[in-house]
Amino acid sequence: MNPGAPGGPGEGEGAGDELLARLRDFHADYFPRHQQRFQDLVAQGQHPKTLFIGCSDSRLVPYLLTGAGPGELFIVRNVGALIPPYDGSRGWHGTMAAVEFAVLSLKVEHIVVCGHSHCGAVRAAYEGVPEEARALRFWLELAQEALLPVRPSPEALWRTEQRSVVLQLERLMDYPMVRRAVEAGTLSLHGWHYVIEDGEVHVFDAAAGGFVPASRANSSGTGPYLQYVEHDGQPAV
Ligand SMILES: [Zn+2]
Numbered sequence: 001m002n003p004g005a006p007g008g009p010g011e012g013e014g015a016g017d018e019l020l021a022r023l024r025d026f027h028a029d030y031f032p033r034h035q036q037r038f039q040d041l042v043a044q045g046q047h048p049k050t051l052f053i054g055c056s057d058s059r060l061v062p063y064l065l066t067g068a069g070p071g072e073l074f075i076v077r078n079v080g081a082l083i084p085p086y087d088g089s090r091g092w093h094g095t096m097a098a099v100e101f102a103v104l105s106l107k108v109e110h111i112v113v114c115g116h117s118h119c120g121a122v123r124a125a126y127e128g129v130p131e132e133a134r135a136l137r138f139w140l141e142l143a144q145e146a147l148l149p150v151r152p153s154p155e156a157l158w159r160t161e162q163r164s165v166v167l168q169l170e171r172l173m174d175y176p177m178v179r180r181a182v183e184a185g186t187l188s189l190h191g192w193h194y195v196i197e198d199g200e201v202h203v204f205d206a207a208a209g210g211f212v213p214a215s216r217a218n219s220s221g222t223g224p225y226l227q228y229v230e231h232d233g234q235p236a237v
């Protein structure tokens, strides 16, 4: 079988290959209905206003939460939605590189850090990981400061998930290009905790000193230090 042959695979090939079936569905069904949008995005380039940094968890679906479509979110996801310290070290710093690109080149106006309920990364930060998962163990140290000196009860895990989001926002403020843009009023940070079972995001509100359900919040969240400012210069809260 030659998948690259003109005309593509024949009838019946790929049967039982669910991923292939979905690729074909996208091309045959979704794409034709949104073709112009994709072609505009190619012709004009991408200009997303938001960098979304979310946990890799499969139950967190940024496009559903935000109603965003193609071209609207620049996304980086990792285990736990964690932000490495901007320490100048040489390494394969994927999350760090994405932040640099989003802020310096795309000039995004928002950075969302989105954790969630029942986060396996937060649980693993308490309970440990398989011996072989050396990279994961090291990575989870980025959540260490958010851990509570208690047994990881459901309530403690919930609180830790939220504390971790704030911790990551604080680390983002140590990125020189992030701090500069926040202080210039051209970038706002948002800390979110998505409660899967309720279908609701709780947003960090620096003034309230905690997380507020989006249904009761005055804004889509504030950074750890500075008041969220709308583009007319007026504080949003
Ligand atoms: Zn998670």
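Position 58 (the sequence shown) corresponds to 58 in my numbering; numbering is contiguous. Think of the CB as a built atom: it goes at the ideal place given N, C-alpha and C, for glycine as much as any other residue. Predicted, not measured: the structure shown is a model, and the values here were computed from it.
Inclusion of Glu170 and Pro224 in the CB contact set at 8 Å is warranted, their separation being smaller than that value. Taking C-beta separations shorter than 6 Å and ignoring five residues to either side along the sequence, Gly69 has no partners in its chain.
Relative to the non-hydrogen atoms of ligand 1, the Cβ of His193 never comes closer than 7 Å to any of them. In this structure, Val122 places its C-beta atom within 8 Å of the C-beta atom of Ser164.
One thing to note: Leu140 has its Cβ no nearer than 8 Å to the Cβ of Ala156.
Contact annotation, Leu64 with Tyr194: C-beta distance approximately 10 Å; criterion of less than 8 Å not satisfied. Taking C-alpha positions only, Val166 is separated from Thr222 by approximately 10 Å. With a threshold of 7 Å, the Cβ atom of His202 does not count as near ligand 1, since no heavy atom of the ligand is closer than that. Residues lining ligand 1 by the Cβ criterion, that is a Cβ closer than 6 Å to any of its heavy atoms, are Cys55, Asp57, Gly80, His116, Cys119, Gly120 and Ala121 in chain order.
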